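A.B. asks: What follows is a single structure, and I will ask about it in a moment.
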Amino acid sequence: MERTFFLIASLLGGLSVALGAFGAHALRDRLDAGMLANYQTGVTYMFFHGLALFVVVLALSKWPASNLPLWAGWLFVAGIVFFSGSLFLMAFTGQRWLGAITPIGGVAFIAGWLLLAITAWRN
């Protein structure tokens with residue numbers, strides 16, 4: 563799993579930079595300030611939780627007997643899909659109801675961080 567999460571994290575890092583640049587240059591004049599801010603928030607959370615997947619790789623290597631880092635990694639991936647994905651879709655479509663999906667991703671992020679903390683506490 564370390565290789566899988568390392569690969570996903572690497573791809574998310576590059577994608578975050580590309581999406582951030584796209585937002586700053588191509589979307590600046592196409593989205594209103596609120597939607598552009600939502601988009602940038604999605605990029606920021608994607609980037610940080612892509613980095614968090616590297617922490618998951620470290621935890622999986624350090625504590626291979628624990629499944630909690632594995633769950634944390636998949637929660638981070640789900641969080642990116644729901645949190646960042648909903649913000650991206652909202653920015654592109656203008657459908658504000660998509661904001662109701664965003665907290666699902668936020669809860670996934672929080673749960674992932676808690677699982678990493680529990681892993682460290684137990685080991």
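Per the working numbering, residue 563 is the first one in the sequence shown, and the count goes up by one each step.
Using N, Cα and C, we set each Cβ at its ideal position, and we do this for glycine too.
All values reported here derive from a predicted model rather than from experimental measurement.
#1: Starting from residue 572, trace the alpha helix (DSSP H) in both directions and tell me its first and last residue.
#2: So, with DSSP's three-state summary, where would you put residue 684?
#3: Output needed for residue 642: all residues of its chain with C-beta closer than 6 Å, excluding positions within five of it in sequence on either side, in chain order.
#4: Can you tell me whether residue 593 is helix, strand or coil according to DSSP?
#5: Beta-carbon within less than 6 Å of residue 645's beta-carbon, same chain only, minus the 5 sequence neighbours each way: which residues are those?
#6: Can you check whether the CB of residue 585 is closer than 8 Å to the CB of residue 573?
#7: Just to check my reading of the structure: residue 601 and residue 653 have Cβ atoms closer than 8 Å, yes? What is that Cβ distance to the nearest angstrom?
#8: Would you mind sorting residue 674 into buried or exposed? The rule is 16 or more other CB atoms within 10 Å of its CB.
#9: I'd like the span of the alpha helix (DSSP H) that includes residue 640, first residue to last.
#10: Quick one: grab the DSSP three-state call for residue 625.
#11: Between which residues of its own chain and residue 563 is the CB-CB distance below 8 Å, once the five residues before and five after are set aside?
#12: Quick check: what's the CA-CA separation for residue 655 versus residue 630?
#13: Please classify residue 670 as buried or exposed, where buried requires at least 16 neighbouring CB atoms within 10 angstroms.
C.D. replies: Straight from the coordinates:
#1: 564 to 587
#2: In the three-state reduction of the DSSP assignment, residue 684 falls in the helix class, which pools H, G and I.
#3: 608, 611
#4: The answer is coil: DSSP assigns residue 593 none of H, G, I, E or B.
#5: 607, 664, 667, 668
#6: no
#7: Indeed they touch by this definition, with Cβ atoms about 4 Å apart.
#8: Buried: at least 16 other Cβ atoms inside 10 Å.
#9: 630 to 641
#10: coil
#11: 622, 632, 635
#12: Between residue 655 and residue 630, the C-alpha separation is close to 36 Å.
#13: buried
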